[in-house]
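**Student:** Got a structure here, written out as structure tokens. Questions coming.
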Amino acid sequence: MPNNDLLERIIPRDVFWKIAEPWMWQTPLNTEEEALIEKAVDKRKSEFRAGRHCAHALFNAQGIACNALLKGVQREPAWPQGWVGSISHTKGLCVVAIAPKSRYQSIGLDVEQATPLSADVLDLICNPQEQDRLNAIKFRHGNEFASAPLDKVIFSAKESIHKTYFPLNHHTLDFLDAQIALEASNGTFEAIIVNPEPRPRTCIDRLSGRFSINRDFVASCIVLEQQG
Ligand SMILES: CC(C)(COP(=O)(O)OP(=O)(O)OC[C@H]1O[C@@H](n2cnc3c(N)ncnc32)[C@H](O)[C@@H]1OP(=O)(O)O)[C@@H](O)C(=O)NCCC(=O)NCCS
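To get this note's numbering, take the position in the sequence shown, counting from 1, and add 653.
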């Protein structure tokens with residue numbers, strides 16, 4: 654499955670998204686953005702540039718001024734007023750999604766290499782119930798998911814939760830603070846936030862999202878719609 658299809662399956666149609674073009678990984682940004690990666694190693698510079706150029710292209714296409722996309726209290730992008738979005742990069746793929754705040758409260762997007770989690774981190778990412786469910790999926794669906802890195806999908810879904818949750822609550826959830834149930838037959842997942850921020854600005858106890866897998870990558874996306 655090409656990378657466009659991978660992402661098309663998980664990102665709603667009314668969200669604007671783009672895969673970074675090859676030139677975007679290497680071309681320096683403006684002074685303010687370059688200052689954020691002044692001391693970074695080359696790999697970090699290149700992924701940051703890809704994400705920022707890609708975001709600029711998306712906002713340009715919408716006629717929105719976004720000359721410098723700086724960061725907030727952590728590494729979360731400081732999106733232009735009235736917009737939300739998400740950035741993800743992994744070796745060989747960088748994707749950015751943006752949408753108007755009038756429609757969505759927050760977006761979390763994540764791409765990862767399609768390789769399994771190493772045994773030593775599995776227990777840090779997936780609780781025993783999640784691991785049991787993954788084994789059940791492999792048993793139920795047989796060959797289709799026998800070698801699919803579903804544990805990496807859980808990891809990706811949790812990264813997407815963080816990118817959705819943090820901008821609204823300025824709180825970092827631990828990987829075991831959310832419990833994921835994958836629905837392998839239709840590429841969706843449900844998440845329960847089992848240990849939320851005690852006094853959240855935005856109360857979120859459940860999130861749902863979509864995931865997809867191709868030969869090289871796994872991807873996940875969560876969009877939190879505005880109420881009413
Ligand atoms: C921040 C984090 C999610 C990045 O994930 P990653 O797979 O290493 O990298 P990705 O390329 O997918 O994502 C990086 C991008 O996420 C965005 N991002 C970083 N911190 C963020 C935050 N707190 N909120 C929203 N977006 C954030 C940034 O745009 C960043 O790219 P940039 O620095 O070039 O702008 C991860 O390193 C992390 O800290 N995770 C711990 C928290 C967590 O995931 N908990 C699980 C909750 S269930």
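All residues carry an ideal CB built from backbone N, CA and C; glycine is no exception.
Here the structure is a predicted model, which means the values were calculated and not measured.
Could you pull the DSSP bridge partners for Val-871 from this structure?
**Tutor:** Bridge partners of Val-871: Glu-765, Ile-866.
**Student:** In whole angstroms, what is the alpha-carbon distance linking Gln-880 and Ser-759?
**Tutor:** Looking at the two C-alpha atoms, the distance is approximately 12 Å.
**Student:** My output table needs one value for Trp-732: the three-state DSSP class, helix, strand or coil.
**Tutor:** DSSP places Trp-732 in coil when its eight states are reduced to three.
**Student:** In chain order, what residues of the same chain have a beta carbon less than 6 Å from the beta carbon of Ser-861, not counting five sequence neighbours either side?
**Tutor:** So the list reads Glu-843, once near-sequence residues are dropped.
**Student:** Could you tell me which residues DSSP puts in a beta bridge with Arg-859?
**Tutor:** BP columns for Arg-859 point to Ile-845.
**Student:** Quick check on Leu-770: does DSSP put it in helix, strand or coil?
**Tutor:** If DSSP states are grouped into helix, strand and coil, Leu-770 belongs with coil.
**Student:** Just the residues with CB closer than 5 Å to a heavy atom of ligand 1, in chain order, which are they?
**Tutor:** Those residues are Phe-701, Gly-704, Gln-727, Arg-728, Glu-729, Pro-730, Ile-740, Ser-741, His-742, Asp-763, Lys-811, Glu-812, Ile-814, His-815, Lys-816, Phe-819, Leu-826, Phe-828, Ala-831, given in chain order.
**Student:** Are the segment 749 to 758 and the segment 772 to 792 touching, with three or more C-beta to C-beta distances below 8 Å?
**Tutor:** Taking 8 Å as the limit for Cβ pairs, the verdict is that the segment 772 to 792 does not touch the segment 749 to 758.
**Student:** How many Å lie between Phe-828 and Glu-674 at the Cα?
**Tutor:** C-alpha separation (whole angstroms): 31 Å.
**Student:** Val-806 and Val-871 - do their beta-carbons sit closer together than 8 Å?
**Tutor:** The answer is yes: Cβ separation under 8 Å.
**Student:** In the DSSP assignment, find the unbroken beta strand (DSSP E) run with Ala-834 in it and report its ends.
**Tutor:** Its beta strand (DSSP E) spans residues 831 to 836.
**Student:** Buried or exposed: which applies to Ala-708, given that a residue is buried once 16 or more other Cβ atoms fall within 10 Å of its Cβ?
**Tutor:** Classification of Ala-708: buried, given that the 10 Å Cβ count is 16 or more.
**Student:** Quick test of the definition: if touching needs 3 or more C-beta pairs under 8 Å, does the segment 836 to 854 touch the segment 726 to 733?
**Tutor:** Taking 8 Å as the limit for Cβ pairs, the verdict is that the segment 726 to 733 does not touch the segment 836 to 854.
**Student:** Using a Cβ-Cβ cutoff of less than 7 Å, which residues in the same chain neighbour Met-654 once the five nearest sequence positions on both sides are dropped?
**Tutor:** The answer, listed in chain order, is Asn-867.
**Student:** Expressed to the nearest angstrom, what Euclidean distance is found between the alpha-carbon atoms of Leu-803 and Ser-813?
**Tutor:** Straight-line Cα distance between these residues: approximately 15 Å.
**Student:** Please return the same chain residues whose Cβ sits closer than 7 Å to the Cβ of Lys-698, not counting the five positions on each side in sequence.
**Tutor:** Cβ within range, chain order: Ile-690.
**Student:** Glu-878 by DSSP, collapsed to three states: which one?
**Tutor:** Here Glu-878 sits in strand by DSSP.
**Student:** Would you kindly check if the distance between the Cβ of Phe-669 and the Cβ of Ala-752 is under 8 Å?
**Tutor:** Against a cut-off of 8 Å, the Cβ pair of Phe-669 and Ala-752 comes out as a contact.
**Student:** In three-state DSSP terms, what is Gln-784?
**Tutor:** Of the three classes helix, strand and coil, the one that applies to Gln-784 here is helix, per DSSP.
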